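Shown next, in structure tokens, is the structure this report addresses.
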Amino acid sequence: MSFRLRLILIFSLLGLVTHLLLALAALAFTAMRAQDTFVAEAEALSHVLAATLEHHLAETDHGDLLAIAEHAVSTAEIAAIRFEDAGGAPLLQVGTFPGPHGPSRHVAADAEFHDLQMDPDLGPVVRRNVGGRAGTLGSVVIAPDLARLRTDLAVNGVTLALMALAATAMLLVLGWLAATALVRRLGALDRGAARIADGDFRHRIAPSGRDEIARTAVTVNRMADALLREREALERQARTDSLSGLLNRAGMAREFRRMARRGCGISALHIDLDRFKLINDTRGHGAGDAVLQSVASRLRHVAPTDALVARIGGDEFAILMEEDGLGARSLALAEACIEAASRPIEFRGMKLAVGASVGIAHMDPGTRGPDPDRLLADADIALYQAKAAGRGRVALFDHAARQVLQKQADLEFELALGLEYGEFVPFLQPQVDALNGEVIGAEVLARWNSPARGLQTPGMFLQSLRNPELEDRITYMVRAAALDWMSKGEAGRPPAISINLSASELARVDCAGDLDWELAMRGLPARKVAIEVLEDVVLRENDTEVERTIAALRRAGHMLELDDFGTGNSGLANLVRLSVEQLKIDRSFVRGIDADRSRQAIVQAMIGIGRALGIRVLAEGVETEAERQMLISLGCSRMQGFLFARPMATEDFERWMAARSAAA
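With my numbering, letter number 467 in the sequence shown gets 467, and the count goes up by one each step, no holes.
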């Protein structure tokens, strides 16, 4: 049922009930007043007739009585008059008595009409005796006209009913008009509120009048104003970087689409700050924020007025500018950005210095389906090339680089699938004492058993990997499999295995604890697992977290081995400070050492350093007997290389160990 119909029904029902009650009350009042009139008139007339006609009853000529009676009956209230003698015999009668019918219950119950009697023959009458000196002469009997009374009451009832119906009809019309006007205004208010609720905060409801509905419309409009202001503030916030005041990635994408609709060419500069992480880590985030704000201000200053400047990442910025073709304008802007970012920044009395590298990509005019993410991705590829060439460089996007990165992305996807399907397995290469042939250990090497590529060495899939998390997961899977193998018994196992820990793993505060837990779960002692780290990692200055991890590993009983010794920036003080127990001479110094005096001198110096510091020395990559003999002559008997065995799967290593034991 509609709201309008409900209002009309409410108005109508209220009016109908009210008028029915009024009609009933009026009808009851009219009936009582009519009865009062008829009966009272009969009583009064009976008294008058009894008092004034006393002497007429003694006369034999009743002409005067007849005239008086006929005149009384002609009135509306009297139906009949009868004169009786003292014996009750009728002397004169005018009109017709109603007969034996009782009076109405209202009249019978009214004490004022106690003189109204019920005659068994005549019906309800008023009787008055007429007396004289000689006693009772007779009586006057008068009957009220009750039939006329009922007729009058019926007429009055119909009249009142018609009046109630007319008033109800009028109320229906007035209710319809009032409800229609009210529903129209409420409908306009509802439609306006619905549009605002659907997000059209600019829509306004026109208030009419000064009543509650108009005030509600004004309130809804005020609410829409507040929502509009809030939405605009949120949109600005969503498009703006709060720290620098520049556009963020979402805001830049929106402005890019506006530029692209003009059909012009667009050049994108992807700017990444150099050495920003060092400032953030050593000087605090306050200093980092100051650097970002200063660089943002400088980039906004050097950029053309029609260019868009945005901060799209932690220390990454982007500039979009209209340019028909990639040319001198974008290159000059890139150089200006590097120069602006490289100027010292004042912060609380300190001078902070960062640099910048820039990658540039271009979108030709009229390009179909312009995509800001694609353009920035191209600029990011160019930025990667700039950083690979050295800091503070500018590089232009090269489509060949995209193909290289696409291949790398495909490789990372395959590596992730390989982790899911357990395709990474440990291979072991034995380490031997070249003087007596004894196996003194084995290095754990990762292999990828790819269904599509075949068996892959780390150099084939880890060298170009840019995902440290993926690399750590591969390392963990290989290490876990090697530890499982070592925990299954002594037969066919080396005295100890060497596992590699990356720089990111060593920098974790829980690295040593996690490794201890892995060994404890398998029942392996720490002396059976040596830790290999690269020279540049372990000898890095001021890396306190790495130093803590290495100290914790030493306390747990692990032997620390320095891999690829001689290829990094070695420091003798660092060797002593970190208590390295074994140096592994890189294969680049071992290859062809038997015929190269310079290599012999370098390796002899390394061996001398190890002997002086009490550190064992192991030579990697020994492939010929001549190299073995030369290393022995220089004082190095611990060796690893193809001359003794190639890296092999765990089951092959067990067979290799069993064959050596049988031959011995």
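C-beta: ideal position from N, C-alpha, C; glycine also. These numbers were taken from a predicted model, which means no experiment stands behind them.
Span of the beta strand (DSSP E), counted from its first residue to its last, around residue i
i, result
"R736", "Here the chain covers residues 1 to 664 and nothing more, so residue 736 does not appear."
"P430", "424-433"
"D564", "560-565"
"D119", "116-119"
"A307", "A307 -> no beta strand (DSSP E), and no H or E assigned at all."
"A530", "529-534"
"A395", "394-396"
"G454", "454-456"
"E623", "Element bounds for E623: n/a, residue is neither H nor E."
"E322", "316-322"
Euclidean distance between Cα positions of residue i and residue j
i, j, result
"R402", "I381", "7 Å"
"T514", "H558", "According to the sequence as given, residue 514 is Asp; it is not Thr. Rounded to the nearest angstrom, the two C-alpha atoms are 14 Å apart."
"A100", "P124", "According to the sequence displayed, residue 100 carries Pro and not Ala. In a straight line, the C-alpha of P100 is about 7 Å away from that of P124."
"V291", "L352", "8 Å"
"E212", "E323", "60 Å"
"T650", "W485", "7 Å"
"R655", "D433", "20 Å"
"I350", "G314", "The displayed chain sequence assigns Met, not Ile, to residue 350. Using only the alpha carbons, I get a separation of about 22 Å."
"A214", "A166", "34 Å"
"F347", "G459", "44 Å"
"L376", "K387", "16 Å"
"L326", "M363", "8 Å"
"L65", "L116", "23 Å"
"F83", "A169", "54 Å"
"L591", "E532", "Before going on, a small fix: residue 591 reads as Arg here, not Leu. Between R591 and E532, the C-alpha separation is close to 21 Å."
"E625", "L631", "10 Å"
"A389", "E420", "35 Å"
"S502", "G366", "48 Å"
N- and C-terminal bounds of the alpha helix (DSSP H) containing residue i
i, result
"H285", "285-302"
"Q408", "399-420"
"A480", "468-486"
"K387", "372-389"
"L234", "212-239"
"F589", "587-590"
"Q640", "From DSSP, Q640 is part of no alpha helix (DSSP H); its letter is neither H nor E."
"E518", "511-522"
Assumed close pair residue i, residue j - CB separation to whole angstroms, cut-off 8 Å
i, j, result
"V478", "V444", "7 Å"
"E547", "V509", "12 Å between Cβ atoms; not a contact."
"I550", "L560", "6 Å"
"A668", "R283", "With the chain represented from 1 up to 664, any question about residue 668 goes unanswered, as that position is not in the structure."
"G245", "A296", "7 Å"
"S487", "L428", "With 8 Å as the limit, S487 and L428 do not qualify as a contact, their Cβ atoms being about 15 Å apart."
"I585", "F565", "6 Å"
"P426", "A482", "4 Å"
"V439", "P372", "V439 to P372, Cβ: 60 Å. No contact."
"A79", "P120", "Contact flag wrong, Cβ pair sits at about 17 Å."
"E255", "L243", "That belief does not hold up - the Cβ atoms of E255 and L243 are roughly 19 Å apart, past 8 Å."
Collapsed DSSP secondary structure at residue i in the structure displayed
i, result
"A268", "strand"
"L247", "strand"
"P647", "coil"
"I615", "coil"
"A86", "coil"
"R447", "strand"
"Q600", "helix"
"T75", "coil"
"L352", "strand"
"N500", "strand"
"N542", "Note that N542 has pLDDT 47, beneath the 50 cutoff, so the model's placement of it is unreliable and the number below is only indicative. In this structure, N542 counts as coil in the three-state DSSP scheme."
"R343", "coil"
"D652", "helix"
"I550", "helix"
"S208", "coil"
"A80", "strand"
"T180", "helix"
"A491", "coil"
"T151", "helix"
"N129", "strand"
Cβ pair count under 8 Å reaching 3, the stretch 634-650 against the stretch 600-610: Enough Cβ pairs lie closer than 8 Å, so yes.
At least three beta-carbon pairs within less than 8 Å, the stretch 272-279 to the stretch 356-363: The answer is yes - the stretch 356-363 touches the stretch 272-279, with three or more Cβ pairs under 8 Å.
Stretch pair the stretch 298-307 + the stretch 324-341: three plus CB contacts closer than 8 Å: yes
Any 3 or more C-beta pairs closer than 8 Å across the stretch 182-201 and the stretch 141-160: no
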